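These notes are about the structure you will find just below.
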Amino acid sequence: MALKLNCNVLTPERQIYEGQIDFAVVQAYDGEMGFLYNHAPLISELGTGEIRLRTGDNTEYFYVDGGFVEIKNNSLIILAQEAAIKQELKADVLEAKIKEISALPRPEGYAERLTIDIELKKLKARLQIAKK
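Just add 90 to wherever you are in the sequence shown, counting from 1, and you've got our numbering.
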């Protein structure tokens, strides 16, 4: 009997991944969480960053931003507000957007600065995954 997790990665628009995996690492709101066969039931909020799904020697990478992860009875469900497969992320496009935003003058208002900082964080997380 194979000790695998059934895994689904879903967004409101589409199903990004469905299959059996050996190991998963997701970006929770407060750090990374790893999941193996027979993990205790858990629900957690997702953060912004990387998901790694490993089967044998193959690792698949995804970008995730917000949502929830649930594991129960060896079934891992990742419900993401926003997610992308590594192959959808283009490093040159992301680098250009980062340069463009970084070149803008810093706004004086706190809310505007925070919005720009959050957007840069998301772009850099996507870029890191695209370069793997």
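Ideal placement from N, C-alpha and C gives every residue a C-beta, glycine not left out. All figures in this text were calculated on a predicted structure; none of them were measured in a lab.
Given this structure, state the Cα-to-Cα distance separating residue i from residue j, to the nearest angstrom.
| i | j | result |
| --- | --- | --- |
| Ala193 | Ile208 | 16 Å |
| Thr145 | His129 | 17 Å |
| Glu185 | Phe152 | 18 Å |
| Asn163 | Glu172 | 25 Å |
| Asn98 | Ile111 | 10 Å |
| Thr149 | Glu198 | 43 Å |
| Ser134 | Glu140 | 15 Å |
Could you check what DSSP says for residue i in three-state terms: helix, strand or coil?
| i | result |
| --- | --- |
| Thr205 | helix |
| Lys162 | strand |
Sorted by chain position, which residues of the same chain lie with C-beta nearer than 6 Å to residue i's C-beta, five sequence neighbours on each side aside?
| i | result |
| --- | --- |
| Leu125 | In the sequence under discussion, the amino acid at residue 125 is Phe, which differs from the Leu named in the question. The residues are Ala114, Ile161, Leu166. |
| Leu169 | Leu100, Gly157, Phe158 |
Beta-carbon within less than 7 Å of residue i's beta-carbon, same chain only, minus the 5 sequence neighbours each way: which residues are those?
| i | result |
| --- | --- |
| Leu93 | Tyr127 |
| Ala181 | Leu217, Ala220, Lys221 |
Got a sec? Which residues, its chain only, sit under 8 Å from residue i by beta carbon, not counting five neighbours each side?
| i | result |
| --- | --- |
| Thr138 | Gln117, Val154, Asp155, Gly156, Lys211, Lys212, Ala215 |
| Asp120 | Gly137 |
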